[in-house]
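Chains as they are written, first to last, in my numbering: chain A, 70 to 384; chain B, 734 to 1050.
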Amino acid sequence: MILRLIERTGVFLVSLAVSSVLVFAFMAVLPGDPARVALGVNASDEAVAELRRQFGLDRPLPTQYFDWLGGLLHGDLGTSYVSKVAIGPQVFDRLQVTLWLVVAGMIIALVVAAPAGTVMAARHRKISGLALSAFSQVGVAVPAFLAGILLIVVFAVRLGWLPANGWTPPAQDPAMFLKQLILPALSLGLVQGAVLTRYVRSAVLEVLREDYLRTARAKGLRPFQALWRHGLRNAAVPVVTVLGLQLATLLIGAVVVERVFVIPGLGSLLLDGVSNRDLLLVQDVVMVLVIAVLLVNFVVDLLYVALDPRLRTAS
Amino acid sequence: MNDVLTVRGLSVTVRDTALVSDVDLTVGAGERVGLIGESGSGKSLTALSILGLLPEDVRAGGSVRLDGVDHEMVGANERRMSRVRGRDIAMVFQEPMTALNPTMRIGDQIAESMLIHKTLAKPAARTAAADLLERVQLPAETLRAYPHQLSGGQRQRVVLALALANDPALLICDEPTTALDVTVQALVLDLIVRGVVDRSSALLFITHDLAVVATVCERVLVMYGGRVVEAGPVNEVFTRPRHRYTEGLLAASDLETTSRRLTTIPGNVPPAGRFPSGCVFRTRCAHATALCEETPEWTGSETEGFACHHPAGVTNA
Chain A
70 MILRLIERTG VFLVSLAVSS VLVFAFMAVL PGDPARVALG VNASDEAVAE LRRQFGLDRP
130 LPTQYFDWLG GLLHGDLGTS YVSKVAIGPQ VFDRLQVTLW LVVAGMIIAL VVAAPAGTVM
190 AARHRKISGL ALSAFSQVGV AVPAFLAGIL LIVVFAVRLG WLPANGWTPP AQDPAMFLKQ
250 LILPALSLGL VQGAVLTRYV RSAVLEVLRE DYLRTARAKG LRPFQALWRH GLRNAAVPVV
310 TVLGLQLATL LIGAVVVERV FVIPGLGSLL LDGVSNRDLL LVQDVVMVLV IAVLLVNFVV
370 DLLYVALDPR LRTAS
Chain B
734 MNDVLTVRGL SVTVRDTALV SDVDLTVGAG ERVGLIGESG SGKSLTALSI LGLLPEDVRA
794 GGSVRLDGVD HEMVGANERR MSRVRGRDIA MVFQEPMTAL NPTMRIGDQI AESMLIHKTL
854 AKPAARTAAA DLLERVQLPA ETLRAYPHQL SGGQRQRVVL ALALANDPAL LICDEPTTAL
914 DVTVQALVLD LIVRGVVDRS SALLFITHDL AVVATVCERV LVMYGGRVVE AGPVNEVFTR
974 PRHRYTEGLL AASDLETTSR RLTTIPGNVP PAGRFPSGCV FRTRCAHATA LCEETPEWTG
1034 SETEGFACHH PAGVTNA
């Protein structure tokens, strides 16, 4: 068990190190000198050289890499070559916004998918199960931004119940924060929930065929009790895998929904960075996203171990 | 004393195909009865329909009554059947490797049997689980183990322990040793017999292994094609078989045969629902005549008899 934890932590740390090298290398091999890009084609060679010295771009690449990495470890993401503003605070502000959105979306997805998928599996030959199946099929086909637009049209424009866009930090005005969170979180969550429902359904169907469920019934448990006590934890293992993948896609996929609802999240910061040719900002945002995805995978690995005792021995 | 289990005219059908027909079966209190036959003869379906655990779209008909349960069990609703299962009747299945929940500790799985039926409260159920494990010769540490940490034989002993947890009046074992190594088969059989004798429980033992029936059971029923073709005390049936199928089965398992070639029953068991009309065995029987197109009547008493037009052991047959 302890060995397994050390092993997973090791994998996590090594992936972090490797990906930081890759992100740095990828940005370094991009054609064009960051200083030249920042100052524009009309800048004089002296001005470019001055900026290079100012941001340390004249030093050898390994030195630049370790300097950047050292900063990252202390939460210092450097200063933008374009706006000359510290990048760290911006990224952390935006990250919080995106995290709220993603976490709320994921909770909605799970709340929809877990019961719906279970009912679909338990009643897979009955009308109610088939109807839910058809409904989730529609959900899978709808992209999140379209769901967002539809939700805005219905709940914001027609009914006027909720604001169509905008963002308020929770500390500033909790009520407004919730109101503005509902629609974007729903448009992310319902679509992800439709996809997740199908995985929950197949996981539960799989478990329903297991011998140990028959043993549980032979003990005297009713079908639903047997599924609840013996099936859910076993069905959770494949569902957690998909949940991890979905969280990772949501982090990045939230960008479209952030645009639809005019929310200042990490996705829009990344797009701004790209259009302003703010290379260090792009590099930092990409690295933060990579860290988040790796962290999600790490947590999924730990959850496996918690759920399935067979995985508690190191591989 | 009353019979523990009384099955009358049991049939099992899937859509319009009959898989088991007209099975009569009685198990007396504390009696050990064997049910033998090749795979596809309907033994397991008979067991599952007694417990009411048939797969979806498989239907049972006829009557199953259990002593001390005041309702008919065929077609009884889940609520009533779940009270009977695990308390009055318990079952040990064939495949020990998959019969236990991989994510739950052994102790919790055994204690659950007692907690469901409220036979014991939580701390007492824990102690009882340890005791049950000891009786199947597993150490007390097994309580905290997960199924994957145990071998097949150990897991089957756990399944036996949880089946016996509530001292059921009837234990059904469906090929409990078929999936096990030969070396542990004897131990598990011994534990099953000891378990039911200690509790004066009755045993319905399903197997295709004649030697196992001979050591475990007092009485035996032979099934073929979803029907009981012969029944009687083990000694009687195995030394003087009457039905031609039983005769063939015994000849096929006789290892002391003098001829060089192994004796077999010609042909194969037909697929489910494709058995001939009349005597189900007539297409593979050397003694079959036109008479066998009619279903043979049961000859003899309910506990000892056969259904054959040309029985063995009659000189002018």
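Don't be surprised by glycine CBs; every beta carbon is placed ideally from N, CA and C.
Cβ shell of residue i (< 7 Å), same chain only, five flanking positions each side left out
| i | result |
| --- | --- |
| A/P253 | L170, G217, V326, F330 and I332 |
| B/E1035 | D757 and T759 |
| A/L371 | R77 |
Same chain, Cβ closer than 8 Å to residue i, neighbours up to 5 away in sequence not counted
| i | result |
| --- | --- |
| A/L274 | A190 and H193 |
| A/L363 | F81, S84, L85 and S88 |
| A/G208 | L259, V260, G262, A263, V264 and T266 |
Neighbour flag for residue i against chain B, beta carbons, 8 Å
| i | result |
| --- | --- |
| A/K288 | yes |
| A/D370 | no |
| A/Q74 | Looking at the sequence itself, residue 74 of chain A is Leu, so the reference to Gln does not match. Chain B, which has no Cβ nearer than 8 Å to the Cβ of A/L74, makes this no. |
| A/P158 | no |
| A/L376 | yes |
| A/P121 | Reading off the sequence shown, one finds Arg at residue 121 of chain A, where the question assumed Pro. Judged by the 8 Å Cβ criterion, A/R121 is not in contact with chain B. |
| A/S384 | Because A/S384 carries a pLDDT of 48, less than 50, the predicted location of this residue cannot be relied on, and no value is offered for it. |
| A/P292 | yes |
| A/N345 | no |
| A/T284 | yes |
Of the listed residues the options, nearest to residue i (C-alpha basis)
| i | options | result |
| --- | --- | --- |
| A/P212 | A/L314, A/I176, A/V260 and A/Q206 | A/V260 |
| B/L943 | B/D790, B/R1007, B/R820 and B/P974 | B/P974 |
| B/T910 | B/P901, B/L924, B/L903 and B/N899 | B/L924 |
| B/V926 | B/R868, B/N735 and B/V1002 | B/R868 |
| B/E1030 | B/A1023, B/A1019, B/H1042 and B/A1021 | B/H1042 |
| B/E1037 | B/V945, B/L743, B/V766 and B/S744 | B/V766 |
| B/D914 | B/S815, B/E764 and B/G885 | B/G885 |
| B/C1012 | B/A1040, B/S986 and B/L893 | B/A1040 |
| A/L255 | A/L228, A/A285 and A/V181 | A/V181 |
| A/G109 | A/L91, A/V226 and A/V151 | A/V151 |
| B/D755 | B/V961, B/G1000 and B/A984 | B/V961 |
Alpha-carbon to alpha-carbon, residue j and residue i
| i | j | result |
| --- | --- | --- |
| B/T972 | B/I769 | 16 Å |
| B/C906 | B/E828 | 11 Å |
| A/L380 | B/A878 | 14 Å |
| A/I75 | A/L82 | 10 Å |
| B/G801 | B/P901 | 11 Å |
| B/G775 | B/V1002 | 12 Å |
| A/M175 | A/A272 | 19 Å |
| B/R888 | B/A762 | 28 Å |
| A/Q123 | A/S149 | 12 Å |
| A/P103 | A/L358 | 22 Å |
| A/V308 | A/Y268 | 6 Å |
| B/G959 | A/G79 | 59 Å |
| B/T997 | B/R813 | 45 Å |
| B/A1050 | B/P1044 | Because the pLDDT at B/A1050 is just 43, under 50, the model does not fix this residue reliably, and the value given afterwards should be weighed accordingly. Cα to Cα, the separation comes out at about 7 Å. |
| A/S197 | A/V223 | 27 Å |
| B/G928 | B/A898 | 10 Å |
| A/L319 | A/F293 | 33 Å |
| A/Y134 | A/F93 | 7 Å |
| A/A185 | A/A155 | 46 Å |
Chain A within 8 Å of residue i, Cβ atoms only
| i | result |
| --- | --- |
| B/E811 | yes |
| B/A1050 | Only weak support exists for where B/A1050 lies, its pLDDT of 43 falling under 50; the coordinates are left without a value. |
| B/E845 | yes |
| B/L786 | yes |
| B/H941 | no |
| B/H850 | yes |
| B/F938 | no |
Cβ shell of residue i (< 6 Å), same chain only, five flanking positions each side left out
| i | result |
| --- | --- |
| A/V365 | G313, L316 and A317 |
| A/R105 | V117 |
| B/T739 | T759 and R798 |
| A/G336 | A323, V324 and E327 |
| A/Y373 | L380 |
| B/T1022 | none |
| A/G258 | G174, I177 and A178 |
Chain D contact for residue i (CB, 8 Å cutoff)
| i | result |
| --- | --- |
| A/Y281 | Any reference to chain D falls outside this structure, whose protein chains are A and B. |
Any 3 or more C-beta pairs closer than 8 Å across the stretch 801-810 of chain B and the stretch 852-867 of chain B: no
At least three beta-carbon pairs within less than 8 Å, the stretch 835-855 of chain B to the stretch 310-325 of chain A: no
Touch test, the stretch 276-295 of chain A against the stretch 137-149 of chain A, Cβ-Cβ under 8 Å, three pairs minimum: no
Stretch-stretch touch, CB-based, cutoff 8 Å, three pairs: the stretch 235-251 of chain A with the stretch 166-180 of chain A: yes
Cβ pair count under 8 Å reaching 3, the stretch 281-294 of chain A against the stretch 817-835 of chain B: yes
Cβ pair count under 8 Å reaching 3, the stretch 915-923 of chain B against the stretch 840-850 of chain B: no
At least 3 beta-carbon pairs within less than 8 Å: the stretch 295-308 of chain A vs the stretch 828-838 of chain B: yes
Given 8 Å, three or more beta-carbon pairs between the stretch 745-753 of chain B and the stretch 337-356 of chain A: no
contact_flag[the stretch 963-971 of chain B, the stretch 944-955 of chain B] where n(CB pairs < 8 Å) is 3 or more: yes
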